[in-house]
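Numbering (my numbering), first residue to last: 16 to 720.
Below you'll find the structure, written out as structure tokens, and then a few comments.
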């Protein structure tokens, strides 16, 4: 009886402690945003510009300090016709919420610091119950194709008054681009138009046209600015898109075109047959002619015969002109096979397609082609769904801290995710070559696929190269195809050798594009940067890893006494390496910041609120086929607790797993050099139970100079 009472007291104590910490962690965004709003606005230093004086000398040009005038969305045309205040900045604001107090100052300083920009927008969130800040919309940098599909600019934007007046002639063009019928501004006839096209939306489009923002960029420079800071709080449940959200629409081709479909394939004749039949069945546009090139790198004799038969049987209809089957025994090199397919094709546009893709609905090729024909667009991808489910396999690539990821992978497509990310048309840094279209001219412009990347990341490298050339890459999430993934090649995460190859090719990718390490203009740095989290959510924790204190080590010479090794203690190790590599990428050689580890750990079938976690390390000897401990000594550390709502979603049947994340910093020189196996110790604070488990992940501690 007394024992049960004591147990109950301990359980209550641990549960209360857990809930208090969880409440604090779960409100991280609200606290972070309020702290940012209190920060003083930094005075911007304008770049020095020169002008020619009367004596012919170049002298610094005196730039006027702009003044900011706040204008409600309903009065945009009143100031548009006012040609005074040429040095003024107009800050246009929705009446459906309120600006952050310092918003005007932030906008003013932005224009001082960025004379190259005449138009800018920023991020926003929603006012929840009790005035709590919720649902932040961290927007992408300027995304012309996203904008044409949805008014993602939202509740506020600003422009220089001079540009406002100069953009006036673009009214008719703007209305047409947004799908309306042009009328004289302010006329009675315009009433119906204004009901469907927000005046502010039309004005922003006029400004974007004036700034040539629907054309190819100059390298990495964007024509319209984006302040990555929440400067507006929407009213509860206010539509951020003001009636023009990401949606499905039919697009017309600029002109008739020919498309070459390039399909690498080996020993999958039946899978390929399904792919071919689905292409023919769903492609029937009079303005699209297409041929198919099959690249076979060494199928068996029997399958080679089948390939030939299926290729010859494919009915020449719905625009299909011919099928070219190319057989050459060679090692698998996806890049080389795709490049070979291009050399043996004639189409003005190239569509790279995996043999395990199944086309399911008429019009998908026209939609992709309509985007690929735009001069400013680079590659065009499509949303891919796992067969017999509504689970997303691909909806575009995001470039997070550790490299490219498929955001929303294995999440349900029956609902909209993060402000329509899986709906409509979006500019993204890249898309998968499982289904990827590009014009032949642009393909040649970047030199094709990089053949040094044989298996992985070749398509990502291709997309990054296109981005660096100034093109905008697109993912068509208003259409979808089925992807029978893993039929083309084995799953990389099941084979250690493939995992090692994947890591090497990932390092090669980031070495080739090192300036893109943890940089993605179309995926905000305020969103989760964790590659293992499929959901697109704000950062779970706004404490930067470099701000986490170094952990101290407890040394257990004879191991952890009383600990039972048990597989019910699960450990996920998502990064273990130097802090410099984490912060600056694979090319960073310094080790001054020590080491960083992060991941998650939970106990299956138990209330995780009862456990205190310690990350443990033990020195091991590496062998060709693994590693083994060199002695009983164990080092234990108390990690930083990391809020992981994604784990709660993934483990809905487990109890109190919101705080299962961990982060740990180890100071340089704290541990002797060598290889350390990573593990976790879970101590049940309501009993005497101690669990320990180890994972294969190895942390290499370097010798100090």
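Ideal Cβ positions, reconstructed from N, Cα and C, are used throughout, including at glycine.
Remember, predicted model here, so these are calculated numbers, not experimental data.
Remark: C-beta atoms of residue 629 and residue 652 approach each other more closely than 8 Å. Counting along the chain, residue 628 sits inside the beta strand (DSSP E) bounded by residues 626 to 638. In the displayed model, residue 379 falls within a helix according to three-state DSSP. For residue 180, the three-state secondary structure derived from DSSP is helix.
The C-beta separation of residue 357 from residue 277 comes to about 7 Å, placing the pair in contact by the 8 Å criterion. One alpha carbon belongs to residue 36, the other to residue 397, and they sit about 41 Å apart.
Closest in C-alpha terms to residue 404, from the list 227, 413, 429, 695, comes 429. Taken atom to atom, the span from the alpha-carbon of residue 22 to that of residue 698 is near 15 Å.
The residues 526, 529, in chain order, have a CB closer than 7 Å to that of residue 602 in the same chain once the five nearest residues on each side in sequence are set aside. Membership of residue 243 in the beta strand (DSSP E) is indicated by the continuous run 240 to 249. The Cβ-Cβ distance between residue 625 and residue 134 does not fall below 8 Å.
About 27 Å separates the beta carbon of residue 656 from that of residue 690, a gap too long to meet the 8 Å contact definition. The residue among 237, 184, 251, 195 with its C-alpha nearest the C-alpha of residue 221 is 184. The beta carbon of residue 337 sits closer than 6 Å to those of 306, all from its chain and outside the five residues before and after it, given in chain order. By a beta-carbon distance limit of 8 Å, residue 300 does not contact residue 258. Their separation comes to about 31 Å. Within the region 34 to 61, the complete alpha helix (DSSP H) runs of at least 4 residues fall at 43 to 53. DSSP, reduced to helix, strand and coil, places residue 401 outside both helices and strands of the structure shown, so it counts as coil. With fewer than three CB-CB distances shorter than 8 Å, the region 399 to 417 does not count as touching the region 108 to 127. Only buried fits residue 115, as 16 or more other CB atoms lie within 10 angstroms of its CB.
If you draw a straight line from the Cα of residue 484 to the Cα of residue 419, it comes to about 19 Å. Here residue 94 is buried: its Cβ has 16 or more other Cβ atoms, across all protein chains shown, within 10 Å.
For residue 443, there is no enclosing beta strand (DSSP E), as DSSP marks it with neither H nor E.
The closest CA to that of residue 463, considering only 481, 670, 471, is found on 481. In the displayed model, residue 426 falls within coil according to three-state DSSP, outside both helix and strand.
Cβ-Cβ distances below 8 Å link residue 269 to 385, 388, 389 in the same chain, with the five nearest sequence neighbours on each side left out; the list follows chain order. In the three-state scheme derived from DSSP, where H, G and I count as helix and E and B as strand, residue 265 is classed as coil. For the 8 Å CB-CB criterion, residue 106 and residue 122 form a contact. Residue 686 sits in coil when the DSSP states are folded into three classes, being neither helix nor strand. Here residue 673 is near residue 663, since their CB atoms are less than 8 Å apart.
Per DSSP, the unbroken alpha helix (DSSP H) holding residue 327 starts and ends at 316 to 328. Residue 483: member of the alpha helix (DSSP H) spanning 473 to 483, first to last residue. Here the alpha carbon of residue 102 sits roughly 8 Å from the alpha carbon of residue 80.
Contact check for residue 85 against residue 56 fails: the beta carbons are separated by 8 Å or more. Residue 594 holds the alpha-carbon nearest to the alpha-carbon of residue 605 among 615, 613, 614, 594.
Counting the other Cβ atoms within 10 Å of the Cβ of residue 289 gives 16 or more, which makes it buried.
Membership of residue 711 in the beta strand (DSSP E) is indicated by the continuous run 705 to 716.
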